[in-house]
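So that you can map any letter, position 85 of the sequence shown is 85 in the UniProt record's numbering, and since no number is skipped, the others follow by simple counting.
Note that the Cβ used here is the ideal one computed from N, Cα and C, for glycine as well.
Data first, discussion second: the structure below is written as structure tokens.
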Amino acid sequence: MLWLEQFYGGVDIVHQPGKQNLSDPLSRRPDHMLCAAVSVSGDDLLQRIQQAYQEDAYFDKPFPFLVNKGGLWFMGDRLVVPRDRRLRQDIIRECHDSLSAGHFGVAKTLQKVAQRFWWPHMHRSVHAYVLACADCQRNKSSNLPPAGLMQPLPVPGQKWEQITMDLITDLPVTQHG
């Protein structure tokens, strides 16, 4: 506080309680309130998973490490997704492409999927999906350095100082050989 007094002179700093303190009207505009876009998969996803369990012979036998709760298989607190490619793609799409997902990279998308779901080789599925995402390919910047500018070769000082050859192979044979 000493340096403030030296800088501003005899300025008194007084705290005003919240009821008496007028807030900045621009920072409190109602149209600037934050809202979160949340997408809930809902009962449709659970029904699709239960249907896929019946079609997947892998789930016919009991598992010591899986728990069946109401017709759904869980590994710990994560829902086990059967071997249905379309179902797994939809789950990854929800965690990568939705408004709340933000088209994050492989690690963050995998983390988001792994919070609620589990299937063998989940990392491979997420990795392949994110690398093939058309929006990410179009909008994400490359980490590669920009290509260098082409530089002209120095002009030789005399004849035969510099010799270049273009080697072209596998050309078709002409009529004259």
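Where residue i falls, given that 16 or more other Cβ within 10 Å makes a residue buried
i	result
residue 125	buried
residue 112	buried
residue 65	exposed
residue 171	exposed
residue 82	buried
residue 73	buried
residue 119	buried
residue 109	buried
CB contact flag (residue i, residue j, <8 Å)
i	j	result
residue 182	residue 84	Outside the displayed range of the chain (1 to 177) lies residue 182, so it cannot be described from this structure.
residue 129	residue 96	yes
residue 116	residue 79	yes
residue 50	residue 71	yes
residue 135	residue 103	yes
First and last residue of the uninterrupted alpha helix (DSSP H) at residue i
i	result
residue 108	106-116
residue 134	134-139
residue 96	85-96
Below-8 Å beta-carbon distance, residue i vs any chain B residue
i	result
residue 168	In the structure shown, chain B cannot be found, because there is only a single protein chain.
Per DSSP, cross-strand counterpart(s) of residue i
i	result
residue 74	67 and 79
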